[in-house]
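Below you'll find the structure, written out as structure tokens, and then a few comments.
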Amino acid sequence: MNADPSGTLSIYFCGTEPCTPGHAFGPAVRPHYLIHVVLDGKGVYKRNGETYHLKAGDAFLISPMESTYYQADTKEPWRYAWVGFDGMSVEDLLKRTCFGSSCVYFCPEDEEKKEAVIARILELLDSFLSPGQNSLTLMGYFFQLLGSMQGQEPSSREDYPRQYLVKAMEYMNNNYSYNIRISDIASYVGVDRSYLYRIFMEEEHISPKQYLMRLRLRTSASMLRTSQYTITEIAYSCGFRDAAAFCSQFRKATGFTPSQFRGYLESETKYAQHSLDEPV
Numbered sequence: 000m001n002a003d004p005s006g007t008l009s010i011y012f013c014g015t016e017p018c019t020p021g022h023a024f025g026p027a028v029r030p031h032y033l034i035h036v037v038l039d040g041k042g043v044y045k046r047n048g049e050t051y052h053l054k055a056g057d058a059f060l061i062s063p064m065e066s067t068y069y070q071a072d073t074k075e076p077w078r079y080a081w082v083g084f085d086g087m088s089v090e091d092l093l094k095r096t097c098f099g100s101s102c103v104y105f106c107p108e109d110e111e112k113k114e115a116v117i118a119r120i121l122e123l124l125d126s127f128l129s130p131g132q133n134s135l136t137l138m139g140y141f142f143q144l145l146g147s148m149q150g151q152e153p154s155s156r157e158d159y160p161r162q163y164l165v166k167a168m169e170y171m172n173n174n175y176s177y178n179i180r181i182s183d184i185a186s187y188v189g190v191d192r193s194y195l196y197r198i199f200m201e202e203e204h205i206s207p208k209q210y211l212m213r214l215r216l217r218t219s220a221s222m223l224r225t226s227q228y229t230i231t232e233i234a235y236s237c238g239f240r241d242a243a244a245f246c247s248q249f250r251k252a253t254g255f256t257p258s259q260f261r262g263y264l265e266s267e268t269k270y271a272q273h274s275l276d277e278p279v
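The opening residue of the sequence shown carries number 0 in the numbering used here; numbering runs sequentially from there.
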């Protein structure tokens, strides 16, 4: 078994099988997750009364303790590779792929995409079987495999604004400490800057620039609750160009300078502790 350092994901085994015509397995249950990727040939996967016809480049997911059945085609039997895995982070990982809404991945009719998916599972298999293989390298191949199995497009055009908004917020949450511009965010999301502005105003009633500033100020306020960081450290850590710019924005938003805010928090804490120490 190979686990990541955090212990949230474990890869149990990988393998391949060239099936004979009509070869079947199940119905049966497994105690962990399994992803099978069809390397060539055809077959069917049955789950919850549904039958899925799969070809090279397609894949299917088996969830823990779920009864499933799969069978190779009688004329063009499939050959597939699989990976067994589990862990606390698995559900979240799968939600970011097509498996968040389906138990199967249908590869687009694109030879390049098909080859990419097959290459990812074979790289994972080679890494798993290599003597002295590195668990981080193995996890990297696994993430690449999942990354190649993208989720479905939004069901309607009305869903797109929310998708763009979430993606923009995610980008800001991960990059607020850097000198990012709104044009960088719009480029990452894949929309025009003016359209991104309109989405934020309609959905959040503030501009992307205001959202980013609020995020930076909330983070800085949290960091001010401890004396571990200097004002300058907090300023740079939260994406401000210097301490002066940070102090100006913080005072404008709260009415306090960062030092005054920290002093107020410290006095409140001392008062609370003093109250707790008083005899009842």
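Ideal placement from N, C-alpha and C gives every residue a C-beta, glycine not left out.
Inspect the beta-carbon positions of Y68 and A23 and report whether they are closer than 8 angstroms. yes
message = Starting from T231, trace the alpha helix (DSSP H) in both directions and tell me its first and last residue.
response = 230-236
query: If you check the beta carbons only, do G56 and V103 fall under 8 angstroms apart?
result: no
Note to self: On the DSSP letters alone, give me the boundaries of the alpha helix (DSSP H) that P76 sits inside.
What the structure shows: Where P76 is concerned, there is no enclosing alpha helix (DSSP H), given that its DSSP letter is neither H nor E.
**Asked** Between the Cα of L124 and the Cα atoms of S62, D91, K113, I10, which residue gives the shortest distance?
**Response** I10
Could you check where the beta strand (DSSP E) with I61 kicks off and where it finishes?
-> 58-61
- When DSSP labels each residue in this structure, what does F260 get in the three-state scheme? Per DSSP, reduced to three states, the secondary structure at F260 is helical.
| query | How many angstroms separate the CA atom of E202 from the CA atom of R180? | reply | 20 angstroms
Inset, instruction - Using beta-carbon positions only, say whether L137 and F84 come within less than 8 angstroms of one another. - result: Not closer than 8 angstroms, so no.
| message | For the region 219-232 against the region 182-192, do three or more pairs of beta-carbon atoms, one drawn from each stretch, fall closer than 8 angstroms, so that the two count as touching? | response | no
Problem - Buried versus exposed call for E152 [16 or more other C-beta atoms within 10 Å across all chains shown] - result: The pLDDT assigned to E152 is 48, lower than 50, so where the model puts this residue is not dependable; a value taken from the coordinates is nonetheless given after this. Exposed, by the Cβ-count rule.
Item to complete: Classify R261 as buried or exposed, calling it buried when 16 or more other Cβ atoms lie within 10 Å of its own Cβ.
Response: buried
Alpha carbon to alpha carbon, what distance is there between L135 and V82?
16 angstroms
Status (buried if at least 16 other CB within 10 Å, exposed otherwise) for G14:
exposed
Flag G262 as yes if its beta-carbon sits less than 8 angstroms from any beta-carbon of chain B, otherwise no. Annotation note: the requested chain B is absent from the structure, which comprises a single protein chain.
message: Considering only the alpha carbon of each residue, which of K166, W77, V89 lies closest to E16?
response: W77
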